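Report on the structure given below.
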Amino acid sequence: MLLQRVAMGADAMGAREALEIATLGGASVLGRSDLGSFASGKRADFAVWSMTGVETSGAWDPVAALILCGPHRARDTYVEGRAVVRGGQLVTIDLDATQRRHRQLAARLMEH
């Protein structure tokens, strides 16, 4: 969207068009009719963002704010209808243990 706007002007592509390309367009490119939109029988993957933070203050269009303002951390994310992030926190892994393991592995890499 931003490149379109640079090349063709500020009205070249709107936030809603960019969102449609990212969702329905992405599903179409993958040949996946079972995702890309909310509908009965489709995959239950979706994310929810809070629009109350300073990064979106003053935004009059929540879709444009989500796409143009940021970065955003998802408040809630569901994959196959199962919560993966709740209240901004990962719920499917032990994050502290994972980070400890990452630090250990990084230290081992530095030794070699």
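According to the numbering used here, the sequence shown is numbered sequentially starting from 69. Every residue, glycine too, gets a C-beta built ideally from N, C-alpha and C. Bear in mind that the values here come from a model prediction, so they are computed numbers and not experimental data.
Check: Which two residues bound the contiguous beta strand (DSSP E) that contains Arg150?
Finding: One-based indexing of the sequence shown puts residue 150 at position 82. Here the beta strand (DSSP E) through Arg150 covers 150-154.
Notebook entry, point to check: In three-state terms, what does DSSP make of Ala182?
Noted result: The structure shown does not extend to residue 182, since the chain is modelled only from 69 to 180, so the question has no answer here.
Margin query: Let me confirm a value: Thr124 is counted as buried when at least 16 other C-beta atoms fall within 10 Å, else exposed. Which label applies?
Written below: By 1-based counting over the sequence shown, the position of residue 124 is 56. With 16 or more Cβ atoms within 10 Å of its Cβ, Thr124 is classed as buried.
Notebook entry, point to check: With distances taken from CA atoms, which of Ala78, Ser105, Gln72 is nearest Thr91?
Noted result: Here residue 91 is taken as the residue at index 23 of the sequence shown, counted from 1. Distances from the CA of Thr91 to each of Ala78, Ser105, Gln72 were compared; the closest alpha carbon is that of Ser105.
Notebook entry, point to check: From Met69 to Ile161, what distance separates their C-alpha atoms?
Noted result: Your numbering for residue 69 matches position 1 in the sequence shown. Your numbering for residue 161 matches position 93 in the sequence shown. Using only the alpha carbons, I get a separation of about 34 Å.
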